[in-house]
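Residue numbers (full-length UniProt numbering): 1 to 578.
As structure tokens, the structure follows; a few thoughts come after it.
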Ligand code: TEU
Ligand code: CA
């Protein structure tokens, strides 16, 4: 396996709107991020992924870009951005930028031209079709509710938007569009950035016939065609579409391969087999992908908002499948939350009594699996989901569109709010909690989204003052990754895959071994080891029940030759031996 810096790095994701506000307008900004670079350096992360900071009308918080080569006014200036890049590089950190090129904003100059007339030179930059029998060209649903088509008055034709109607899909069939995108990417790379996170990059190629979804097999996807719905998930016609690998190989040849950078594609509805195609080291496409399989474990057949409990055996099965498929072939990315997902401690851990141990337990998983770990801002202090009682306090377009669609369909409002509390993207987007002063020290004004009231307890200042904090546990995991090649390059074998309480696996590398045992429950558990492991008298290396407790346990375990391993609620232990 090739050794590279991006396999050995830990990535920290910043959602600029919610990270730090420098001027009191309630919106996080670039100077705000600048003021926290020492904090990031103290944590020890090597790479920062910055969510979109480009010019945007903010229909989808920057994922609708009206100019790819300018900075959003609310976030600052290009000069601020240059200083940020320099500040990171000076501190030995790298910067990767979000690349959102499946769609642009409808306020992008290209779209303003495109909608003018059917023979405008930019017409073909987007996907236009005439209506069919007085309706949309096909039955595809938008990811953000309703139809994926919108009729435009100027020419009386419809344009495709897989996301919001202010996010028209770019037409990748058009070579001029691809060249424009490659030129823009080169322009950023020449400024010295260290890579890209590519938004929904596996949706860029659509079947040009744009067939209806419903008349075909349900296929893959979390929103299977449903007779009662007017619009259906059309994924089989645009998820990993016909030319996607051709486009990525072209992009790699013309742009990516010319720089020492890292790339991670956000890829919805991909299987490990698809993952191997996108990340295969001999395929010259991407370095890593974010898959969504773990993000679906608590959804029922009705999709994202149809909440059901997750099962640990399913989580293990998904992780092991990806590990096996990409072994010696591609590379995994490990995340349990981001700006689109609920907070991981609320979702997979316990955000009340066991908040700290469970946050550390989940961190142990993310940082001891093969693959590059991604930390989402606030995860390192164990930030949690939020419950806002009024729908008016939510800001996310996906949440709001769903609410209105379900309400119009006569669904029970309390039930909709429950789904929102569990799954809304705004759970992750509440402002970063820096200290226990007003608005958590995020802003001197009114924040654009409510600060989680638990900021008085959960904040950076508190974490930095407590030697046993989640923050310092992350710091230690990040250091270990830097120091110990087994964490990065060791093989992975899952143990007892059907157990619903404990997640255990082995890592091995050049004669060394690690055993990771994670208790996913709020009960004490016992893990039974086979004789071979016990015989080798492993030493306890990492534990989230730190301090004297950890040492006492280690002695006890060594004394008992480690046959049966008692675990506290949400305890994580890593043993090592030669
Ligand atoms: O997300 C793609 C995507 O399909 C989902 O994550 C989506 O946001 C939704 O939450 C699924 O329920 C990417 C970005 O990460 C997201 O913030 C953007 O809204 C979206 O693309 C459009 O650019
Ligand atoms: Ca601001």
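From the three backbone atoms N, C-alpha and C, an ideal C-beta is built for every residue, glycine too.
Quick check: residue i and residue j, are their CB atoms within less than 8 Å of each other?
i, j, result
"residue 333", "residue 288", "yes"
"residue 210", "residue 232", "no"
"residue 370", "residue 492", "yes"
"residue 399", "residue 424", "yes"
"residue 148", "residue 161", "yes"
"residue 273", "residue 497", "no"
"residue 105", "residue 151", "no"
"residue 577", "residue 539", "yes"
"residue 197", "residue 266", "yes"
"residue 50", "residue 124", "no"
"residue 486", "residue 512", "yes"
"residue 315", "residue 297", "yes"
"residue 260", "residue 214", "no"
"residue 397", "residue 142", "no"
"residue 201", "residue 171", "no"
"residue 381", "residue 323", "no"
"residue 168", "residue 100", "no"
Considering residue i, what are the terminal residues of the beta strand (DSSP E) in which it resides?
i, result
"residue 539", "539-543"
"residue 166", "No beta strand (DSSP E) holds residue 166; DSSP gives it neither H nor E."
"residue 564", "564-567"
"residue 46", "Segment: none, residue 46 is in no beta strand (DSSP E) and carries neither H nor E."
"residue 111", "Where residue 111 is concerned, there is no enclosing beta strand (DSSP E), although the alpha helix (DSSP H) it sits in stretches over 109-114."
"residue 428", "Not the beta strand (DSSP E): residue 428 falls in the alpha helix (DSSP H), residues 426-429."
"residue 70", "67-71"
"residue 574", "572-577"
"residue 99", "94-99"
"residue 15", "Here residue 15 belongs to no beta strand (DSSP E), and DSSP marks it neither H nor E."
"residue 373", "372-376"
Among the residues of its own chain, which have a CB less than 6 Å from the CB of residue i, if the five just before and after it don't count?
i, result
"residue 405", "145"
"residue 300", "306, 308"
"residue 254", "182"
"residue 74", "27"
"residue 472", "none"
"residue 536", "577"
"residue 593", "The requested residue 593 does not occur in the structure, where the chain is confined to residues 1 to 578."
Which residue comes first and which comes last in the alpha helix (DSSP H) that contains residue i?
i, result
"residue 195", "Note, residue 195: premise wrong, no alpha helix (DSSP H); beta strand (DSSP E) at 195-198."
"residue 275", "272-279"
"residue 31", "30-34"
"residue 399", "397-408"
"residue 477", "470-483"
"residue 176", "175-190"
"residue 421", "413-423"
Which residues in the same chain as residue i place their Cβ atom closer than 7 Å to its Cβ, once the five residues preceding and following it in sequence are excluded?
i, result
"residue 456", "436"
"residue 46", "9, 10, 93, 94"
"residue 35", "20, 22"
"residue 525", "501, 502, 519, 567"
"residue 7", "331, 372, 488"
If we ignore side chains and look at the alpha-carbon of each, how far apart do residue i and residue j end up?
i, j, result
"residue 285", "residue 438", "46 Å"
"residue 506", "residue 328", "17 Å"
"residue 24", "residue 442", "9 Å"
"residue 470", "residue 460", "10 Å"
"residue 502", "residue 330", "27 Å"
"residue 447", "residue 430", "9 Å"
"residue 579", "residue 130", "Missing from the structure shown is residue 579; the chain here goes from 1 to 578 and no further."
"residue 579", "residue 188", "This structure cannot speak to residue 579, because the chain is shown only from 1 to 578."
"residue 280", "residue 250", "15 Å"
"residue 116", "residue 176", "19 Å"
"residue 357", "residue 450", "26 Å"
"residue 62", "residue 242", "28 Å"
"residue 377", "residue 14", "6 Å"
"residue 223", "residue 302", "A caution first: residue 223 carries a pLDDT of 48, below 50, which makes its placement in the model too unreliable to give a value."
"residue 264", "residue 516", "27 Å"
"residue 294", "residue 340", "13 Å"
"residue 458", "residue 417", "24 Å"
"residue 542", "residue 573", "6 Å"
"residue 352", "residue 337", "18 Å"
"residue 173", "residue 180", "13 Å"
"residue 59", "residue 17", "13 Å"
"residue 410", "residue 402", "12 Å"
"residue 216", "residue 111", "Residue placement at residue 216 cannot be trusted, given a pLDDT of 47 that sits under 50; the coordinates are not used to answer."
"residue 82", "residue 344", "32 Å"
With a threshold of 8 Å on Cβ separation, who are the neighbours of residue i within its own chain once the five nearest residues in sequence on each side are excluded?
i, result
"residue 325", "272, 273, 275, 276"
"residue 57", "64, 66, 105, 107, 166"
"residue 31", "22, 23, 76, 80"
Does any heavy atom of ligand 4 sit closer than 7 Å to the C-beta of residue i?
i, result
"residue 74", "Annotation note on ligand 4: not contained in the displayed structure, which lists ligand 1 and ligand 2 as its ligands."
Listed in chain order, which residues are found with a beta carbon closer than 6 Å to a heavy atom of ligand 2? 21, 22, 23, 25, 27, 29
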